[in-house]
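Encoded as structure tokens, the structure appears first; notes follow it.
Number of protein chains: 2
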Amino acid sequence: MISKSMSPRVENSSAIRAMFEEGLRMARIVGPENVYDFSLGNPNVPAPPEVNQAIIDVVKTEDPIKLHGYMVNSGFDETRQAVADDLNDRYGTKYGISNIVMSTGAAMCMNIIFRCILDIDDEVIVSAPYFVDYTNYVSNWHGKLEVLPANPEGGFMPRMDELEKRINKKTKAVIINNPNNPTGVIYPESVIKEIAAILEKKQKELGTVIYLIADEPYRELVYDGTQVPHIPDYYDNALVCYSYSKSLSLAGERIGYVVVPDRSDQAEQFKIALGIANRISGAINAPSLIQLALARCLRTKVDIDFYKRNGQDLYEALTDAGFDCLKPQGAFYLWMKSPDADEKAFVEALKEEHILVTPGSAFAGPGYVRFSYCVAHETIERATPGFKRIGQKYFH
Amino acid sequence: MISKSMSPRVENSSAIRAMFEEGLRMARIVGPENVYDFSLGNPNVPAPPEVNQAIIDVVKTEDPIKLHGYMVNSGFDETRQAVADDLNDRYGTKYGISNIVMSTGAAMCMNIIFRCILDIDDEVIVSAPYFVDYTNYVSNWHGKLEVLPANPEGGFMPRMDELEKRINKKTKAVIINNPNNPTGVIYPESVIKEIAAILEKKQKELGTVIYLIADEPYRELVYDGTQVPHIPDYYDNALVCYSYSKSLSLAGERIGYVVVPDRSDQAEQFKIALGIANRISGAINAPSLIQLALARCLRTKVDIDFYKRNGQDLYEALTDAGFDCLKPQGAFYLWMKSPDADEKAFVEALKEEHILVTPGSAFAGPGYVRFSYCVAHETIERATPGFKRIGQKYFH
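As you go down the protein sequences, you meet chains A and B in turn.
Counting in this note's numbering, the first sequence runs from 5 upward without gaps.
Counting in this note's numbering, the second sequence runs from 5 upward without gaps.
Pasting the structure below:
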């Protein structure tokens, strides 16, 4: 029998499947080339050739027992060292092997962190709109996700007054997702400093430890030279979650890491705790072959210009059609105000043009929709007349 | 700050690290070839060459987006079909794609099952001695693991009277680990039938659903023609967890599956629930490249004879030296009665001969020790004089 905790999740999933199936049904009727699906976040730029070459190289040259065998739960030394070196070169940090804990992608990185810091009814704060599965990552460990109201007037930066108000003795962490899914904005240094100041103040006031968890799977997908601040430079109790799902298009391979800075609370024990959490959560370790390959190629990147061009052209097409969009700064998402206060009705209207997007309420951001632009450029071109027709319907 | 739930686990881990470090220290003093380490469960037979060939083939021929991309959380259709076909050929079952949910190894398979069936304070039963991390897999989801006392008189089969007594309204599952870690015994058909009868009876009596979870990572490692019964043939609410960690020596790659038989409770919803649990637990999916490779080679097996010979020779060496051992039937573990009622003192005595084993109390089986014989055969040969000397010390 499915548990009380799981049952509602199974019921909700039927709505998502219905949407997916509607897309398939539409494709059967009008042809897949005439369905413009902006609803999925699956990278559509192939992994760089260096990745596949590295995989073949390690298969051919690595000790066969090591290649597919267990290692310490936190990962191979050489992979962790390569990650640390890369971060050190880019951020001027001094990370070593022990500061890096490899795990099966950013989703698992967050889960093992919550396994380490949450007891029943502890709280974690995030600002709306946010990636929905944070709710699950926190409730898995019987914590509660507290959601700050969205801040459309302030460019969807967290509302600092609300953040400060919401922190209490039970607050164990604040999540920031930078660049942000679903808004595509990047929190600049000034915002990070404000958040850090509030957390410092509240830690002192309450005598507690509040982690700032930076979920950064889109860190390399930034445009126009924008920089994503390295959070541990601004706050001691920072933890960074990273994934190679997007920067190397390895989403299916499940590989990423947590950075545990030496200045963070109980750092030495926390590094051990994360390794244990890797084991007992069932992840055990990041996949061995991909770890070894990554050690040889992790400084390569996918073709970011592909996403950049998509983001620019989608933004232009939508604003030309009269829509009110946030200019994409990073990730591969565009956040657009729905011309209908009920954005679900607007999502339905878009379907008449065979355009599929995700309603903002799926991210606790009603009144908006999310376009995911990891699509063929042609999809944007071919959808543009539809954007115009829908725009005319709403704005003229 | 590390949570109350996690802190004791971090403290306990220092004992394990101390043991590991003592092994390293010993190796530095007497040379690694003179340390006989029977404490680790890392397969030491390489993956069959077909696996690496399949990896290279899929890297060279597969669509690059599919190769490393997301798929449905339950896995690629072709991999699930290959798993189903393999099971059908061997057990005469009629599994299809939907009955197989791929995940990141048996440890994660168990975690996603518990994510689906446990609410706070629900109970899961296992018989001592047992693989210690079951405690964690259950307590992750705030369930309680209830441990039946060991049954040395009955060949370490579960005590049926205790099983029946321990089942109550909160009992959601019984775990059997077959072949068994740490005892190396295989539960025969007669035992499975007895367990099934008790569960059937209690389900009716209590009006509940009690899953029988078969954790079978060692299923292919069986000797002397012994067969591991296919549990769903004996009980409707059976779930099978499998891993390729041992049968293909892919422990580091994290790949395995759950079998959800159509006759099991809420089967259709349960299949969906496991996919959701894969996603929200952070596993997301079993690694994509290895899934695709596995679809091409999953019927190959590692060299089982290597383990068989090790098990036989270790058993002979230890019984010759006077020790009381269970004859290994499967897995790569040998379970031996400690000649000292305090088996930890005996473990220390073995260290004087540079022999490292795991004390039974690490498996809730005090008074015994576990030898893991996934070692070079030479290790057994070279340790034999030490076994004799220790035997003489205790038995003469």
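Ideal placement from N, C-alpha and C gives every residue a C-beta, glycine not left out.
Straight-line spacing of the CA atoms in B:Pro389 and B:Arg32 works out to 21 Å. Listed in chain order, the non-local C-beta contacts of A:Ile124 below 6 Å within the same chain comprise His146, local neighbours out to five positions each way being set aside.
Within the segment 290-375 of chain A, the beta strand (DSSP E) runs of at least 3 residues that lie entirely inside it are, in chain order, 337-341. Residue-level contact by beta carbon fails for A:Phe336 and chain B, as no gap is shorter than 9 Å.
Rounded to whole angstroms, the separation of the alpha carbons of B:Glu220 and B:Glu347 is 28 Å. The alpha helix (DSSP H) runs lying completely inside the segment 10-88 of chain A and spanning 4 residues or more are 11-34, 53-65, 68-71, given in chain order.
Under the 9 Å criterion on CB atoms, A:Ile179 is classed as non-interfacial with respect to chain B.
By the criterion of a C-beta distance shorter than 8 Å, A:Cys378 is surrounded in its chain by Leu44, Gly45, Asn46, Pro47, Asn48, Val49, Tyr311, Asn314, Phe336, once the five residues flanking it on both sides are discounted. Around the beta-carbon of B:Arg119, 16 or more other beta-carbon atoms lie within 10 Å, marking it buried. Between the C-alpha atoms of A:Glu66 and A:Asp165 there is a straight-line separation of about 54 Å. Of the candidates B:Val87, B:Gly371, B:Lys148, B:Val87 places its Cα closest to the Cα of B:Asn103. Taking the C-beta atoms as reference points, B:Asp137 is found no nearer than 9 Å to B:Thr383. Beyond the five residues adjoining it in sequence on each side, B:Ser131 comes within less than 6 Å, by CB distance, of Leu152, Pro162 in the same chain, given in chain order. The distance from the Cβ of A:Asn115 to that of A:Asn144 is about 6 Å, consistent with a contact at the 8 Å cut-off.
In its chain, beyond the 5 residues on either side, Tyr319, Leu322, Thr323, Leu338, Trp339, Met340, Lys341 have a beta carbon closer than 8 Å to the beta carbon of A:Cys329.
Interface flag for B:Gln396 against chain A is unset, since no Cβ pair is found closer than 9 Å.
Here A:Leu298 really is in contact with A:Ile259; their C-beta atoms are around 6 Å apart, less than 8 Å. The beta carbon of B:His146 sits closer than 9 Å to some beta carbon of chain A.
When B:Tyr99, B:Val128, B:Tyr95 are compared, the shortest CA-CA separation from B:Thr83 is found for B:Tyr99.
Sequence-distant partners of A:Thr362 (beyond 5 residues in either direction) whose C-beta falls short of 7 Å from its own C-beta, in its chain, are Ser43, Val373, Arg374. Contact check for B:Asp240 and B:Ser194: beta-carbon distance about 19 Å, past the 8 Å limit, so the pair fails to qualify.
In the structure shown, the three-state DSSP call for A:Val264 is coil. At the C-beta level, A:Tyr134 and A:Phe367 come within 9 Å of one another. Here DSSP, grouped into helix, strand and coil, assigns B:Glu127 to strand. Against chain A, the beta carbon of B:Ser376 has no neighbour under 9 Å; the closest one sits roughly 12 Å away.
The beta carbon of A:Met30 sits closer than 7 Å to the beta carbons of Val39, His358 from its chain, once the five residues preceding and following it are set aside; these are given in chain order.
Not flagged as an interface residue toward chain B: A:Gln85, since no C-beta distance is shorter than 9 Å.
Contact annotation: in the segment 270-288 of chain B, residues whose CB is within less than 9 Å of a CB in chain A are Gln270, Gln273, Phe274, Ile276, Ala277, Gly279, Ile280, Ala281, Arg283, Ile284, Ser285, Gly286, Ala287, Ile288.
For A:Asn48, the closest Cβ of chain B is nearer than 9 Å. Annotation: A:Asp126 to A:Gln207 spans about 15 Å, alpha carbon to alpha carbon.
Within the same chain, and ignoring the five residues on either side of A:Lys8 in sequence, no residue has its Cβ closer than 6 Å to its Cβ. Inter-residue distance for B:Gln316 and B:Glu385 is about 12 Å (C-alpha atoms, whole angstroms). Against A:Leu203, chain B offers no close residue; the least beta-carbon distance is about 14 Å (beta-carbon pairs closer than 9 Å).
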